[in-house]
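Novice: Below is a structure I'd like to ask you about.
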Ligand SMILES: NC(=O)c1ccc[n+]([C@@H]2O[C@H](COP(=O)([O-])OP(=O)(O)OC[C@H]3O[C@@H](n4cnc5c(N)ncnc54)[C@H](OP(=O)(O)O)[C@@H]3O)[C@@H](O)[C@H]2O)c1
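Numbering (the numbering used here), first residue to last: 5 to 288.
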């Protein structure tokens with residue numbers, strides 16, 4: 005059986021859709037916090053189990069009889085909570101003697117990244133390695149599907165207000181990642197691998213604006229606002245301070261090049277070229 009955590013999220017749902025083309029629904033275990041959110045899974049014959057990353061007892065039961073797990077990284081309210089949640093998941097997988105762990109981390113993860121989310125995910129990579137269970141780490145770059153959030157109301161104002169300087173991002177399609185994850189999950193292996201999963205080119209936000217203008221006949225431009233103004237604007241939009249700080253750390257990280265690395269692994273896993281940023285923007 006193959007279990008997927010965060011199964012009702014965007015990446016989880018997309019991965020399950022690709023997996024259903026390869027294996028029987030009764031071999032898939034969808035692990036969710038609230039089973040009401042995935043009634044359609046049950047109707048298809050997928051096994052649905054309830055677990056909360058904050059509750060070790062539910063996690064232990066969720067991985068019963070499972071050989072392979074896709075652990076989708078969490079979004080905790082703060083870094084310490086996220087680290088604890090992910091540690092709880094790793095402990096529960098080890099207690100159930102799963103045979104292979106596939107984990108979604110962040111591109112070029114290391115211990116001292118500027119982006120706080122990557123620090124959490126690197127810690128999880130280390131915990132997984134310590135279990136001695138074979139693993140496949142997908143170190144994903146920024147999702148293309150996150151671009152509308154970066155754009156905010158740029159279509160009305162003409163401005164993408166974001167403090168990323170000339171930092172580049174190797175945007176990657178979340179849907180392509182899901183397909184590649186399904187390919188890996190369906191082919192069990194005893195090897196451990198770490199893959200950098202990125203788009204084939206990296207773009208500054210000014211280049212992203214140019215591309216939107218060319219593809220959509222728009223007139224938007226990147227405004228490189230200060231961190232302080234960005235943080236104030238986020239808090240003015242009712243975001244909790246911890247979330248605002250996480251997003252400021254992400255912008256810092258982009259400016260410093262933490263999301264600029266490009267790699268051809270995704271093309272190999274898909275067996276074709278991944279979606280380009282132009283193709284994605286055209287479809288917006
Ligand atoms: N590379 C990128 O650009 C990028 C961008 C955004 C996020 N991410 C990371 O990639 C992951 C997957 O992305 P996504 O788009 O699928 O995110 P998503 O749609 O927000 O899904 C997150 C999933 O995590 C689950 N979850 C959160 N807290 C939980 C808890 N305490 N117990 C059990 N489940 C919990 C959510 O369940 P509920 O529905 O119950 O909340 C949801 O299923 C994210 O969680 C985040 O770590 C990466």
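For each residue, glycine too, the CB sits at the ideal point set by N, CA and C. No experiment lies behind these values; they were computed from the predicted model shown.
Can you name, in chain order, every residue of its own chain whose Cβ lies under 8 Å from the Cβ of residue 227, other than the five neighbours on each side?
Specialist: 163, 164, 165, 166
Novice: Enumerate, from N- to C-terminal direction, the unbroken alpha helix (DSSP H) stretches of 4 or more residues contained entirely within the segment 35-111.
Specialist: 43-48, 60-66, 83-99
Novice: Three Cβ pairs or more, each shorter than 8 Å: is that satisfied between the segment 11-30 and the segment 177-194?
Specialist: Flag = yes, the segment 11-30 and the segment 177-194 touch.
Novice: Could you please give the first and the last residue of the uninterrupted beta strand (DSSP E) stretch that includes residue 128?
Specialist: Per DSSP, residue 128 belongs to no beta strand (DSSP E); it is in the alpha helix (DSSP H), 120-135.
Novice: Taking 6 Å as the cut-off, is the CB of residue 147 close to at least one heavy atom of ligand 1?
Specialist: yes
Novice: Are three or more beta carbon pairs between the segment 136-143 and the segment 76-93 nearer than 8 Å?
Specialist: No, they do not touch.
Novice: Just to confirm the assignment: which complete alpha helix (DSSP H) runs, minimum length 4, are found wholly within the segment 141-180?
Specialist: 151-155, 158-161, all fully within the segment 141-180.
Novice: Starting from residue 7, follow the beta strand (DSSP E) in both directions and report where the run begins and ends.
Specialist: Unbroken beta strand (DSSP E) run through residue 7: 6-9.
Novice: State the Cα-Cα distance for the pair residue 258 and residue 9, rounded to the nearest angstrom.
Specialist: Their backbone Cα atoms lie some 28 Å apart in a straight line.
Novice: Between residue 29 and residue 46, is the Cβ-Cβ spacing less than 7 Å?
Specialist: no
Novice: Here's a check: name, in chain order, each residue in its chain whose Cβ is nearer than 7 Å to the Cβ of residue 83, leaving out the five neighbours to either side.
Specialist: 120, 123, 124
Novice: Whole alpha helix (DSSP H) runs in the segment 208-242 with 4 or more residues, listed along the chain?
Specialist: 209-220, 231-240
Novice: Say yes only if the C-beta of residue 57 is nearer than 6 Å to one or more non-hydrogen atoms of ligand 1, and no if none qualify.
Specialist: yes
Novice: Which value, in whole angstroms, describes the spacing of the CA atoms of residue 216 and residue 199?
Specialist: 29 Å
Novice: Residue range of the beta strand (DSSP E) that residue 28 falls in?
Specialist: Unbroken run through residue 28: none, as it is neither H nor E.
Novice: Look at the alpha carbon of residue 5 and the alpha carbon of residue 283, and state the distance between them as a whole number of angstroms.
Specialist: 35 Å
Novice: According to DSSP, which residues form a beta bridge with residue 201?
Specialist: 144
Novice: Classify residue 278 as buried or exposed, calling it buried when 16 or more other Cβ atoms lie within 10 Å of its own Cβ.
Specialist: buried
Novice: If we ignore side chains and look at the alpha-carbon of each, how far apart do residue 271 and residue 204 end up?
Specialist: 9 Å
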